[in-house]
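To start, the structure itself, in structure tokens.
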Amino acid sequence: MKQGIDPDDLTRPFWEAANAERLVIQYCVDCDQLQHPPGRTCHGCGSDDGLQWRQVSGRGRIYNYGVVHDCPVRLLRDDQPFNVAVITLDEDPGIQMYSHLPGTPVDEVPVGAPVEVVFEATANGQKVPEWRVATEEK
Ligand SMILES: [Zn+2]
């Protein structure tokens, strides 16, 4: 069971795309950069009208990971310990996302391995992007 997610205006396009099983990342047309997490202005150049949402391939790599044994969020304690992996996107290794790596045993995370996005439904019907170790290079 995961926490409920209440999308606000800023991140709603991200969650709506997730429900359609698409991964979108905020993109600034003024300085040609992806940014995540989303902001109201570009983190790079400060533009507030150059931000768009761009669909990405949903492929990346495991940059690093940790194992959570003592989660401060009570709702998640039933599931611990769990992996928290840092994923970098193939489109831009500067973009990092976090994942519990469903299907990967705790503390057996293959750092550097390719991963692909999957979408998991949560209790309130919202799908959330997660990442799975890819079975082969693409
Ligand atoms: Zn910018």
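For the sequence shown, my numbering gives the first residue as 41, with consecutive numbering after it. Positions of the beta carbon are idealized from the N, C-alpha and C atoms, including for glycine.
Residue from the options whose Cα sits closest to the Cα of residue i
| i | options | result |
| --- | --- | --- |
| Gly143 | Asp130, Gly152 and Thr175 | Thr175 |
| Arg101 | Thr162, Phe159 and Val155 | Val155 |
| Gly152 | Glu61, Asp89, Arg99 and Leu91 | Arg99 |
Through-space distance from residue j to residue i, alpha-carbon basis
| i | j | result |
| --- | --- | --- |
| Met41 | Pro133 | Its pLDDT being 40, under 50, Met41 is placed unreliably by the model, and the measurement read from it follows with that caveat. Using only the alpha carbons, I get a separation of about 30 Å. |
| Asp147 | His140 | 11 Å |
| Asp118 | Asn59 | 25 Å |
| Pro121 | Arg114 | 13 Å |
| Thr162 | Gly86 | 34 Å |
Under 8 Å between C-beta atoms of residue i and residue j
| i | j | result |
| --- | --- | --- |
| Ala57 | Leu50 | no |
| Val158 | Arg172 | yes |
| Ile179 | His76 | Absent from the structure is residue 179, since the part of the chain shown begins at 41 and ends at 178. |
| Asn123 | Tyr103 | no |
| Asp72 | Ser97 | no |
Burial state of residue i (16 or more Cβ within 10 Å)
| i | result |
| --- | --- |
| Ala125 | buried |
Residue-chain proximity (residue i, chain D), Cβ-Cβ < 8 Å
| i | result |
| --- | --- |
| Asp89 | Any reference to chain D falls outside this structure, which holds one protein chain only. |
(Q) Just to confirm the assignment: which complete beta strand (DSSP E) runs, minimum length 3, are found wholly within the region 124-157? (A) 136-139
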